[in-house]
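In this note's numbering, the protein residues as written are 3 to 293.
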Amino acid sequence: MMKIENVVNNLPTDYMMEALVQSARVLSKDPVCSTCDANNKAEFICMQCLDMMCSSCHKIHKKMSVSRSHDVESLSSVTPERLAASGPPLCADHGDKQFLFCQDHGLALCASCKDERHSQCQAVNKLDDEMISAKKSLDTLIDQVTKEEEKLKKEIAEMDSLVKDVDISRHEDMAQIDKACDRLQILVEEFCINMKRQSEASHNSSKQNLCRNKNRCSEKLASVTSHKRIIFKAKEVSPRPALIHLAKALTNRVNYVENSYHQFMTPSRVGTSCEDMVRKIEEMLNKSLMY
């Protein structure tokens, strides 16, 4: 079984820095074609294979089925950063290309790493195959995330539209409330005026009735006072036989005056009915606030 310290030692501490170092090391080599045996000057480099090549080998490299899709750049324009970003991974321990991947440990391997540390591992596959599988998974994930992103954007747009609708509804509702309250205020003012008119008319009618009764009572008082004087006078000066007839006549006249009383009309209290109506309206308004 592989020792734990060997696995730990095989874990790179900084992929980017190691890739930059390896890329700088490749570019620092003499620009000699590594494909042909003529030691021609290299003018190009394959960003995937990291092989330097002359112009002739460059044409052949682009025609081969295994490398026609590779990105070949001019040596004069390639920087270590670009090479590190697009080139194949290099083993930090051996400096060789990593073309295998150990599923058991999740590590990219070169040939030496497989022979020395991962010979007993059951799931060692080609790195390119694992990269293709990983890219497919990422493409699926990107598609999933993109759909979710579009869905969320659509929901946010709908929410923005709903927020605008709510604002419009609020303004319209406020305007309707103001209109209703203005109308209610006008109705209350008109109701107040009409109730005051009714109260004024009722009390004026009662007052006029009282004044008429008062005048009649005053007239009656004058008549009663006059009859009183007549009675006293008749009592003093009338002869005995005439006193009997006079007493009877005066009694009939006094009885007529006593039977001429008038009834009093009580004014209608409109304010009481107003208070009852206000209580009912107040109850209705309070109930409407509960919804």
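All C-beta atoms, glycine included, are put in the ideal place defined by N, C-alpha and C. The model shown is predicted, which means the values in this text are computed figures rather than measured ones.
6 angstroms CB neighbourhood of GLN200 in its chain, flanking five on each side removed | Take GLN200, set aside five residues on each side of it, and the residues of its chain with a beta-carbon closer than 6 angstroms to its own are VAL272, in chain order.
Same chain, Cβ closer than 6 angstroms to ASN288, five either side skipped, listed in chain order = Taking C-beta separations shorter than 6 angstroms and ignoring five residues to either side along the sequence, ASN288 has no partners in its chain.
CYS115, enclosing alpha helix (DSSP H) - first and last residue = Element bounds for CYS115: 113-119.
DSSP state of GLU75, grouped into three classes?
-> In this structure, DSSP gives GLU75 an extended state, which the three-state scheme calls strand.
The stretch 49-68 touching the stretch 28-40, judged by at least three CB pairs closer than 8 angstroms = Touching, per the Cβ criterion.
Distance, SER171 Cα to ASP278 Cα | Going by the C-alpha atoms only, they are around 36 angstroms apart.
Sub-8 angstroms separation of ALA26 and LEU77 beta-carbons | Not in contact: ALA26 and LEU77 (Cβ atoms no closer than 8 angstroms).
Note the first and the last residue of the continuous beta strand (DSSP E) segment covering CYS1.
-> Given a span of 3 to 293 for the chain in the structure shown, any question on residue 1 remains unanswerable.
Can you grab the Cα-Cα spacing for the pair ASP141 / LEU291, in whole Å?
-> C-alpha separation (whole angstroms): 56 angstroms.
Which residue's Cα is closest to the Cα of THR268: ALA224, ASN206, LYS230 and ILE283?
-> Here the closest residue by C-alpha is ASN206.
PHE103 in three-state terms, based on DSSP = Of the three classes helix, strand and coil, the one that applies to PHE103 here is strand, per DSSP.
Between LEU85 and LEU29, is the Cβ-Cβ spacing less than 8 angstroms?
-> Yes, they are a contact pair.
Which of helix, strand or coil DSSP assigns to ALA94 | Three-state DSSP puts ALA94 in coil, outside helix and strand.
Which value, in whole angstroms, describes the spacing of the CA atoms of MET286 and VAL280?
-> C-alpha separation (whole angstroms): 10 angstroms.
Could you give the residue range of the beta strand (DSSP E) that holds LYS128?
-> Taken as a continuous stretch (DSSP letters only), the beta strand (DSSP E) holding LYS128 covers 126-128.
Kindly indicate which three-state DSSP category LEU85 falls into: helix, strand or coil?
-> The answer is helix: DSSP assigns LEU85 an H, G or I state.
Roughly how many angstroms lie between the CA atoms of VAL147 and SER139, to the nearest whole one?
-> Whole-angstrom Cα-Cα distance: 12 angstroms.
From HIS173 to CYS183, what does the alpha carbon distance come to, in whole angstroms?
-> HIS173 and CYS183: Cα-Cα distance of roughly 15 angstroms.
Taking ASP278 as part of the alpha helix (DSSP H), name the residues at either end of that continuous run.
-> 272-291 is the span of the alpha helix (DSSP H), which, as asked, contains ASP278.
Give me the Cα-Cα distance between GLU151 and ASP98, rounded to the nearest whole angstrom.
-> For GLU151 and ASP98, the distance between alpha carbons rounds to 41 angstroms.
Does the beta-carbon of PHE103 have 16 or more other beta-carbons within 10 angstroms, so that it is buried, or is it exposed?
-> Result: buried.
Any idea if ARG119 is buried or exposed, counting beta-carbon neighbours within 10 angstroms, 16 or more meaning buried?
-> Only buried fits ARG119, as 16 or more other CB atoms lie within 10 angstroms of its CB.
Per-residue burial, VAL68 [other beta carbons within 10 Å of its own, 16 or more giving buried] = VAL68 should be labelled exposed.
Given a threshold of 16 other Cβ atoms within 10 Å of its Cβ, counted over all protein chains shown, does PHE193 qualify as buried or as exposed?
-> By the neighbour-count rule (16 or more Cβ atoms within 10 Å), PHE193 is not buried but exposed.
What is the residue span of the alpha helix (DSSP H) that CYS35 lies within?
-> Per DSSP, CYS35 belongs to no alpha helix (DSSP H) and is neither H nor E.
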